[in-house]
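Asks: Counting in numbering that gives the first Met the number 0, the sequence shown runs from 0 upward without gaps.
The C-beta atom is built at its ideal place from N, Cα and C for all residues, glycine as well.
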Amino acid sequence: MAAMGHGTAGLSPEVDAFRKRFEQMSADADAVSVPLSDAQFAWQPSPESWSVAHCLDHLNATARSYLPVLDEGIADAIRRGLYSPGPYTYNWIGRAFVWVMEPPVRVRTKAPKPFQPAPSRSRRDIMAAFHAYQVQYVDRLRQASGLDLARARVSSPVVRWVRMPLGSAFAMMLAHERRHLEQARRVITQMDGGA
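1) I need the straight-line Cα distance from M171 to A38, nearest angstrom please.
2) Can you name the residues that DSSP bridges to P164?
3) Measure the Cβ-Cβ separation of V68 and S154 and say whether it is below 7 Å.
4) Below 8 Å on the Cβ atoms is my guess for Q133 versus E22; work out the distance and round it to an integer in Å.
5) Roughly how many angstroms lie between the CA atoms of Y82 and A16, to the nearest whole one?
6) Is it true that the segment 77-94 meets the segment 137-152, where meeting means three or more beta-carbon pairs spaced less than 8 Å apart?
7) Quick one: residues in its chain with C-beta nearer than 6 Å to the C-beta of A183, no 5 flanking neighbours on either side, listed in chain order?
8) Where does the unbroken alpha helix (DSSP H) through G72 begin, and where does it stop?
9) Taking just the CA atoms, how far does Q43 sit from T188?
10) I73: which of R162, V161, Q135, R139 sits nearest, CA to CA?
11) Does DSSP put L140 in a helix, in a strand, or in coil?
12) Starting from K112, trace the alpha helix (DSSP H) in both directions and tell me its first and last residue.
13) Give a yes or no on whether the C-beta atoms belonging to S167 and Y65 are separated by under 7 Å.
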């Protein structure tokens with residue numbers, strides 16, 4: 000994972016802080032998953048509850064949907080010349096989305112269909128994808144460095160008319176990842192030898 004840290008010189012302070020958090024997510028996901036057997040990784044507390052595998056694969060499905068809208072937001076901001084070194088102040092919409100996603104869970108929602116985890120995917124594939132998506136988030140941060148993260152906008156992939164600041168979108172992705180890594184930790188605490 001050391002390679003992720005290369006090429007970070009010249010990032011704006013806020014972008015670099017986001018970068019460090021995404022890199023930490025890879026380490027946090029490993030800390031959750033590495034000690035588990037394959038059976039524990041796939042174990043569900045109940046048929047309708049998610050396993051650790053489901054929690055992580057849900058984050059992969061979310062990344063697949065959000066990376067293209069991050070690309071659109073970055074490209075639009077570059078075209079419009081929306082540059083600013085920060086610091087940035089985000090609007091209430093952006094702050095609300097982050098607050099809803101941040102653990103502990105305050106608002107429970109069912110994941111929309113595009114964000115549902117696959118019924119079965121190998122542990123290797125899930126973890127490789129998770130690490131790859133963290134690298135892709137960092138790549139988008141490099142592209143966004145120097146842009147005005149408060150004025151640049153990103154559309155929700157679920158409800159296209161909902162638009163939030165680009166910086167809020169990065170913060171929301173991090174909060175969402177923390178939320179589901181916390182959920183995965185709760186699943187592990189429910190394991191009592193049944194896995």
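Replies: Answer, in terms of the structure:
1) On the sequence shown, position 172 is the one that residue 171 refers to. On the sequence shown, position 39 is the one that residue 38 refers to. Roughly 31 Å between the two C-alpha positions.
2) Position 165 of the sequence shown holds residue 164. Beta-bridge pairing links P164 to R152.
3) As a position in the sequence shown, residue 68 is number 69, starting the count at 1. As a position in the sequence shown, residue 154 is number 155, starting the count at 1. Yes, the Cβ-Cβ distance between V68 and S154 is below 7 Å.
4) Taking the sequence shown and counting its residues from 1, one reaches residue 133 at position 134. Taking the sequence shown and counting its residues from 1, one reaches residue 22 at position 23. The Cβ separation is near 7 Å, so the contact holds.
5) The residue given as residue 82 occupies position 83 in the sequence shown. The residue given as residue 16 occupies position 17 in the sequence shown. Each residue's Cα considered, the two are about 18 Å apart.
6) yes
7) Looking up residue 183 in the sequence shown gives position 184. Taken in chain order, the residues that qualify are V31, V51, C54.
8) Translated into the one-based positions of the sequence shown, residue 72 becomes position 73. First-last of the alpha helix (DSSP H) with G72: 51-79.
9) Here residue 188 corresponds to residue number 189 of the sequence shown, with the count starting at 1. Here residue 43 corresponds to residue number 44 of the sequence shown, with the count starting at 1. Whole-angstrom Cα-Cα distance: 12 Å.
10) Within the sequence shown, residue 73 is the residue found at index 74, counting from 1. Minimum Cα distance to I73 is reached at R139.
11) Sequence index remark: in the sequence shown, residue 140 carries index 141 (1-based). In the structure shown, L140 sits in a helix (DSSP, three-state: H, G or I).
12) If you number the sequence shown from 1, residue 112 lands on position 113. From DSSP, K112 is part of no alpha helix (DSSP H); its letter is neither H nor E.
13) Numbered from its first residue, the sequence shown carries residue 167 at position 168. Numbered from its first residue, the sequence shown carries residue 65 at position 66. In this structure, Y65 does not lie closer than 7 Å to S167 by Cβ.
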